[in-house]
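Peer 1: Pasting a structure below so you can have a look.
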Amino acid sequence: MKLLFDLFPVLIFFVAFKVYGIYAATAAAIGASFAQIGWLWLRKRKIDKMLWVSLGVITIFGGATLLFGNPTFIKWKPTVLYWLFAVTLAAAALVFRKNLVRSVMEKQVSLPEPVWNRLLASWIAFFAAMGALNLYVAYNYSLDAWVNFKLFGGMGLMLVFVLLQGLMLARHVHDKNT
39 MKLLFDLFPV
49 LIFFVAFKVY
59 GIYAATAAAI
69 GASFAQIGWL
79 WLRKRKIDKM
89 LWVSLGVITI
99 FGGATLLFGN
109 PTFIKWKPTV
119 LYWLFAVTLA
129 AAALVFRKNL
139 VRSVMEKQVS
149 LPEPVWNRLL
159 ASWIAFFAAM
169 GALNLYVAYN
179 YSLDAWVNFK
189 LFGGMGLMLV
199 FVLLQGLMLA
209 RHVHDKNT
């Protein structure tokens with residue numbers, strides 16, 4: 039359910055694009071992002087920082103798309119978000135000596151330090167590559183192909199990446215009963 043909830047603005051964008059076009063889809067995604075934050079605020083009074091960042095990016099780039107009547111801005115939104123994630127992970131590690139991937143996962147799994155570092159490096163590389171790939175698709179294919187890639191390609195690549203990460207982590211998980 040959480041995955042569907044996190045994908046809510048993307049799904050709304052996709053459906054609205056297919057029915058009404060890019061500008062309605064952009065407005066719908068902005069509205070869906072605000073609705074998502076509002077719902078969480080009413081239910082928990084706590085909003086994940088990542089959702090605030092995503093709301094800010096969709097509002098700025100989506101707003102520019104609507105204001106200037108140019109879909110190029112909304113095409114940049116996933117890249118900016120991916121690159122922000124990559125830079126945040128890298129800066130936390132380099133400046134603050136904090137592995138944010140470890141911070142999120144260390145309660146679920148215990149890993150040697152070199153493995154945590156490889157995991158962090160792989161997430162940074164993945165987000166950097168996804169940002170670049172989004173721009174490649176945005177500038178070399180039709181708007182319709184980019185929208186399809188945004189939902190299916192992006193989510194598919196994320197799923198494959200997470201599964202590969204799981205396989206890598208599985209080698210380090212040991213059953214306490216054996």
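In our numbering, the protein residues as written are 39 to 216.
Ideal Cβ placement from N, Cα and C applies to all residues, glycine included.
#1: Which same chain residues end up closer than 6 Å to Ala70 when comparing Cβ atoms and leaving out the 5 residues on each side of it in sequence?
#2: Going along the chain, which residues of its own chain have a beta-carbon closer than 8 Å to the beta-carbon of Ala128, five neighbours each way excluded?
#3: Cα separation between Leu80 and Ile96?
#4: Do Trp121 and Phe165 have their C-beta atoms closer together than 8 Å?
#5: Let me make sure I understand the geometry here. Which of Ala54, Ile75, Asn137 has the alpha-carbon closest to that of Leu157?
#6: Here's a check: name, in chain order, each residue in its chain whose Cβ is nearer than 6 Å to the Cβ of Pro150, leaving out the five neighbours to either side.
#7: Can you tell me whether Gly169 is buried or exposed? The criterion is at least 16 other CB atoms within 10 Å of its CB, across all chains shown.
#8: Just to confirm, is the Cβ distance from Pro109 to Leu181 under 8 Å?
Peer 2: So, from the listed chains and residues:
#1: The residue labelled residue 70 in the question sits at position 32 within the sequence shown. Excluding its 5 nearest sequence neighbours in each direction, Ala70 has C-beta neighbours in its own chain below 6 Å: Phe46, Pro47, Ile50, listed in chain order.
#2: Here the question's residue 128 lines up with position 90 in the sequence shown. Ile162.
#3: If you number the sequence shown from 1, residue 80 lands on position 42. If you number the sequence shown from 1, residue 96 lands on position 58. Their backbone Cα atoms lie some 21 Å apart in a straight line.
#4: Taking the first residue of the sequence shown as 1, we reach residue 121 at position 83. Taking the first residue of the sequence shown as 1, we reach residue 165 at position 127. In this structure, Phe165 lies closer than 8 Å to Trp121 by Cβ.
#5: The residue labelled residue 157 in the question sits at position 119 within the sequence shown. Among Ala54, Ile75, Asn137, the Cα nearest to that of Leu157 is on Asn137.
#6: For the purposes of this step, residue 150 is taken as the residue at position 112 of the sequence shown. Here Pro150 has no same chain residue with a Cβ atom under 6 Å from its own Cβ, once five neighbours each way along the sequence are excluded.
#7: Indexing the sequence shown from 1 puts residue 169 at position 131. With 16 or more neighbouring CB atoms inside 10 Å of its own CB, Gly169 falls in the buried class.
#8: Position 71 of the sequence shown holds residue 109. Position 143 of the sequence shown holds residue 181. In contact: Pro109 and Leu181 (Cβ atoms closer than 8 Å).
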